[in-house]
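> Encoded as structure tokens, here's the structure I'll be asking about.
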Amino acid sequence: MVPRNKLSSHYIEMKAFYYAEKGVWEMKKEILQVLQNVSPIQLEEHALERPAYAHLGDFALPCFQFAKVLRKSPAIIAEEIAASIKHPSIRKAEAVNGYVNIFLDRTRITSEILHAVVEQGATYGSSNEGKDGVVTIDLSSPNIAKPFSMGHLRSTVIGNSIALLMEKSGFKAVKINYIGDWGTQFGKLLTAYRKWGTEEDVRKAPIETLLTLYIRFHEEAEQDPSLNDEGRAAFKALEDGDADALALWKWFKEESLSEFQRIYDLLGVEFDSYNGEAYYNDKMEPVVQELEEKRLLVESDGAQVVDLGEAIPPCLIRKSDGATLYATRDLTAAMDRKNTYDFVKSIYVVGNEQSLHFTQVKQVLNKMGYAWSDDMHHVPFGLILQDGKKMSTRKGKIVLLEQVLTEAIDLAHRNIAEKNPTLANQKEVAEAVGVGAILFSDLKQHRKHDIEFNLETMLQVEGETGPYIQYTNARAHSVLRKAGEVSAFVVNEVNDFEWETIKLLEQFPQAVKRATEELDPSVIAKYAVDLAQAFNSFYGNVKVLTDAAHLSYRAALIQSVSIVLTESMRLLGMKAPEEM
RNA sequence: GUCUCAGUAGCUCAGGGGAUAGAGCAACAGCCUCCUAAGCUGUGGGUCGCAGGUUCGAUUCCUGCCUGGGACACCA
Numbered sequence: 105m106v107p108r109n110k111l112s113s114h115y116i117e118m119k120a121f122y123y124a125e126k127g128v129w130e131m132k133k134e135i136l137q138v139l140q141n142v143s144p145i146q147l148e149e150h151a152l153e154r155p156a157y158a159h160l161g162d163f164a165l166p167c168f169q170f171a172k173v174l175r176k177s178p179a180i181i182a183e184e185i186a187a188s189i190k191h192p193s194i195r196k197a198e199a200v201n202g203y204v205n206i207f208l209d210r211t212r213i214t215s216e217i218l219h220a221v222v223e224q225g226a227t228y229g230s231s232n233e234g235k236d237g238v239v240t241i242d243l244s245s246p247n248i249a250k251p252f253s254m255g256h257l258r259s260t261v262i263g264n265s266i267a268l269l270m271e272k273s274g275f276k277a278v279k280i281n282y283i284g285d286w287g288t289q290f291g292k293l294l295t296a297y298r299k300w301g302t303e304e305d306v307r308k309a310p311i312e313t314l315l316t317l318y319i320r321f322h323e324e325a326e327q328d329p330s331l332n333d334e335g336r337a338a339f340k341a342l343e344d345g346d347a348d349a350l351a352l353w354k355w356f357k358e359e360s361l362s363e364f365q366r367i368y369d370l371l372g373v374e375f376d377s378y379n380g381e382a383y384y385n386d387k388m389e390p391v392v393q394e395l396e397e398k399r400l401l402v403e404s405d406g407a408q409v410v411d412l413g414e415a416i417p418p419c420l421i422r423k424s425d426g427a428t429l430y431a432t433r434d435l436t437a438a439m440d441r442k443n444t445y446d447f448v449k450s451i452y453v454v455g456n457e458q459s460l461h462f463t464q465v466k467q468v469l470n471k472m473g474y475a476w477s478d479d480m481h482h483v484p485f486g487l488i489l490q491d492g493k494k495m496s497t498r499k500g501k502i503v504l505l506e507q508v509l510t511e512a513i514d515l516a517h518r519n520i521a522e523k524n525p526t527l528a529n530q531k532e533v534a535e536a537v538g539v540g541a542i543l544f545s546d547l548k549q550h551r552k553h554d555i556e557f558n559l560e561t562m563l564q565v566e567g568e569t570g571p572y573i574q575y576t577n578a579r580a581h582s583v584l585r586k587a588g589e590v591s592a593f594v595v596n597e598v599n600d601f602e603w604e605t606i607k608l609l610e611q612f613p614q615a616v617k618r619a620t621e622e623l624d625p626s627v628i629a630k631y632a633v634d635l636a637q638a639f640n641s642f643y644g645n646v647k648v649l650t651d652a653a654h655l656s657y658r659a660a661l662i663q664s665v666s667i668v669l670t671e672s673m674r675l676l677g678m679k680a681p682e683e684m
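Counting in this note's numbering, the first sequence tops out at residue 684, every number present.
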């Protein structure tokens, strides 16, 4: 180890940037180490930053924080550090305005990065952080007999992407579709069906018909509140195992699931479990009993609750009529999942609005003595609003996902007919692009704040969109087809367009890491936009095929971009057609 | 009322304490005899909600206020 005192020493230990055994680039850490060796002060990981502008170098160290300790001006400290840096991968280091700006040796680094990406292919950026630990992911969770809404889309695509990210980082993901198939609403639906519905209509268009019935029920119940009692009674009959009610419920459920399946097929999402609320209906008693035994249940206004202190309201476990609630079922489900899968992490991709609910469930589990409640994470997302307000199923204010998807696919089809009419498998590509547009418009922003529903924005194909990423990749493939096989290559010089692209390729593993840690697919989406923009800029400004001297190296660059873009899209649940 | 999330360009949004706050859309001006124009290049556009505080330095962290969304016991 080089002692760390080192403004005096002008010699820095040489160290390769590339860890062959890990297969991961750690450029930033290496630079930090180089700086640490010449810095008079212990550097934090944050110390090193990326300059805002390319002409200020590839990395920078602000020296203002050292001024007080060293009693020298930042400018002088920067000068001294800059003068001390010597490293085979650093071309130059200059002091500007109290910063040390570091310029890397482009050809050397480019060569190492490109060789790594081409060699590792789709596994570039993968890791074994997770050590095969199981992560359960609660996602999608639509309510049967109700349409698949835009809100469920968010949960489905965010959850699916998180599962893919987890797998890439070495976890085992278990995707659970916690179907909303139980509760008072089914009593209401049964009542409405018996009053106004026909078997034929339901067979023809199940969800549409059931939704119409559901809306009508709520309209009529406003005039005639006794309907609500009828609904509750019908649900009671269902709970008690009434054969007729049960048969209808099963039928509605099957029809709903087969409709949902069409959407899941389109989105390319599969589940490991469909255990919904009804599945837990007969499993809650032991949990309530356990709560009782642990003396956590308190009676309050006739109901059984768990008190959670001043800060948050108590968690309702049993209604005054003895019936259980949503929280009771979720508590049971959480324990069941722990027993079944022994997860190291349990993720719930559910809307913002349920934050309090999950806080309560976690705290109840914690009070029961289950330390693993700390491994439960609610991943919230904002509501999709219409006219500035929450969409309401009951009032029929809802946008159907399937219509949106169909429209996006039609648009993609029209674009292909216009721009690339000779393309072979047009239907397949239109589907990939249309679905990609919808997926990406949702995944690129993880902001928890609410989103105003805007079909026009979702169907956009230009700028920061899914089709833009797909198009960029298709272009890359097109050049590669014409350039022939990527063979051995030597990097002799690297221009600015290439360098910006290379630096982004280097950042991919960090993007994956951060997206995984923060459970945030938007990190990958934004990264993909950055990489596509850098590549398109290169593509628009550099002629590849006509320049034989640089062809093999540039082909390697283009192939690397394609590998990383394709992998980014895969992590978002998108398809990456090679032509479009 | 309490808790919580948010407020950045005309619109939609990025910005992990640092230099001149960035993209995309929209507007305007260029670029296809040339690797896919779903693209590239350029122009205009900002009191980063307001007021304090911490810091050498705050869009970023803290406090208060204003505005908006959501949640707040027998729905899920």
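A virtual CB, placed ideally from N, CA and C, is assigned to each residue, including glycine. Fair warning: this is a prediction, and the values are worked out from it, not measured in the lab.
Identify the residues that DSSP records as bridge partners of residue 596: which are they?
Beta-bridge pairing links residue 596 to no other residue.
> Quick check: residue 370 and residue 539, are their CB atoms within less than 8 Å of each other?
It is a contact, given that the beta carbons lie within the stated cut-off.
> Is there contact between the stretch 237 to 247 and the stretch 445 to 453, where contact requires at least three CB pairs shorter than 8 Å?
At 8 Å Cβ cutoff, the stretches touch.
> Which residues in the same chain as residue 257 place their Cβ atom closer than 6 Å to its Cβ, once the five residues preceding and following it in sequence are excluded?
Residues 505 of the same chain have their beta carbon placed closer than 6 Å to that of residue 257, with the five preceding and five following residues left out of the count.
> Reducing DSSP to helix, strand and coil, say where residue 242 ends up.
When secondary structure is reduced to three states using DSSP, residue 242 falls in the strand class.
> Using alpha carbons as the reference points, say which of 653, 485, 221, 510 lies closest to residue 260.
485
> Roughly how many whole angstroms lie between the Cα atoms of residue 271 and residue 678?
For the pair residue 271 and residue 678, the Cα-to-Cα distance works out to about 16 Å.
> Taking a contact to mean a Cβ-Cβ separation below 8 Å, would you say residue 601 touches residue 489 in this structure?
In this structure, residue 489 does not lie closer than 8 Å to residue 601 by Cβ.
> Short of 7 Å in beta carbon distance, which residues of its chain neighbour residue 477, apart from the five on each side in sequence? Order them along the chain.
Residues 466, 469, 470 of the same chain have their beta carbon placed closer than 7 Å to that of residue 477, with the five preceding and five following residues left out of the count.
> Please say whether residue 353 and residue 290 have beta carbons closer to each other than 8 Å?
Between residue 290 and residue 353, the CB-CB gap stays under 8 Å.
> Let me know the alpha helix (DSSP H) ranges lying completely inside the stretch 242 to 294, each 4 residues or longer, listed in chain order.
254 to 272
> At the level of alpha carbons, what is the spacing between residue 439 and residue 462?
14 Å
> Would you check if there are 3 or more beta carbon pairs closer than 8 Å linking the stretch 153 to 164 to the stretch 192 to 211?
yes
> Go to residue 212, then tell me how far its beta strand (DSSP E) extends in each direction, as first and last residue.
No beta strand (DSSP E) contains residue 212, which is instead part of the alpha helix (DSSP H) from 210 to 224.
> So, at 8 Å on beta carbons, what are the nonlocal neighbours of residue 429 in its own chain, with the 5 sequence-adjacent residues on each side left out?
Around residue 429: 420, 421, 422, 423.
> So if DSSP puts residue 176 in a beta bridge, which residue, or which two residues, is it bridged to?
BP columns for residue 176 are empty, so no partner.
> For residue 553, does the count of other Cβ atoms within 10 angstroms reach 16, so buried, or fall short, so exposed?
exposed
> Excluding the 5 residues flanking residue 535 on each side, which residues of the same chain have their C-beta closer than 6 Å to its C-beta?
The beta carbon of residue 535 sits closer than 6 Å to those of 513, all from its chain and outside the five residues before and after it, given in chain order.
> Straight-line CA distance for residue 220 to residue 532?
C-alpha separation (whole angstroms): 32 Å.
> Look at the alpha carbon of residue 201 and the alpha carbon of residue 178, and state the distance between them as a whole number of angstroms.
8 Å
> Based on the DSSP output, what are the partners of residue 428 in its beta bridges?
422
> Do you know offhand how far residue 246's Cα is from residue 550's?
20 Å
> The alpha helix (DSSP H) with residue 350 in it runs from where to where?
347 to 371
> Given this structure, state the Cα-to-Cα distance separating residue 425 from residue 409, to the nearest angstrom.
13 Å
> When the distance is taken between beta carbons, is residue 520 closer than 8 Å to residue 684?
yes
> Going by beta carbon distance, what residues of the same chain come within less than 7 Å of residue 682, once the five residues before and after it are set aside?
578, 581.
> Please go through the same chain and pick out, in chain order, the residues whose beta-carbon is closer than 8 Å to the beta-carbon of residue 185, but skip the five residues on each side of it.
In the same chain as residue 185, and ignoring 5 residues on each side of it, the C-beta atoms closer than 8 Å to its own belong to 111, 139, 142, 143, 165, 167, 197, 199, 204, in chain order.
> Under a three-way DSSP split, which group does residue 203 fall into?
If DSSP states are grouped into helix, strand and coil, residue 203 belongs with the strands.
> With DSSP as the reference, label residue 125 as helix, strand or coil.
Unreliable placement is indicated for residue 125, whose pLDDT of 28 sits below 50; the coordinate value is still reported in the next sentence. Note: residue 125 maps to coil in three-state DSSP.
> Taking the beta strand (DSSP E) that residue 449 falls in, what are its first and last residues?
449 to 453
> Check whether the stretch 329 to 348 and the stretch 287 to 305 are in contact - that is, three or more C-beta pairs closer than 8 Å.
Taking 8 Å as the limit for Cβ pairs, the verdict is that the stretch 287 to 305 does touch the stretch 329 to 348.
> Quick one: give me the first and last residue of the beta strand (DSSP E) that residue 408 is part of.
407 to 410
> Hey, residue 218 and residue 664: beta-carbon distance below 8 Å or not?
yes
> From which residue to which residue does the beta strand (DSSP E) around residue 648 run?
Looking at the DSSP string, residue 648 is not in any beta strand (DSSP E), and its letter there is neither H nor E.
> Terminal residues of the continuous beta strand (DSSP E) containing residue 403?
401 to 404
> How long is the line joining the alpha carbons of residue 116 and residue 195, rounded to whole angstroms?
Note that residue 116 scores 26 on pLDDT, short of 50, meaning its location in the model is unreliable; the coordinates nonetheless yield the value given after this. Computed Cα separation, rounded: 14 Å.
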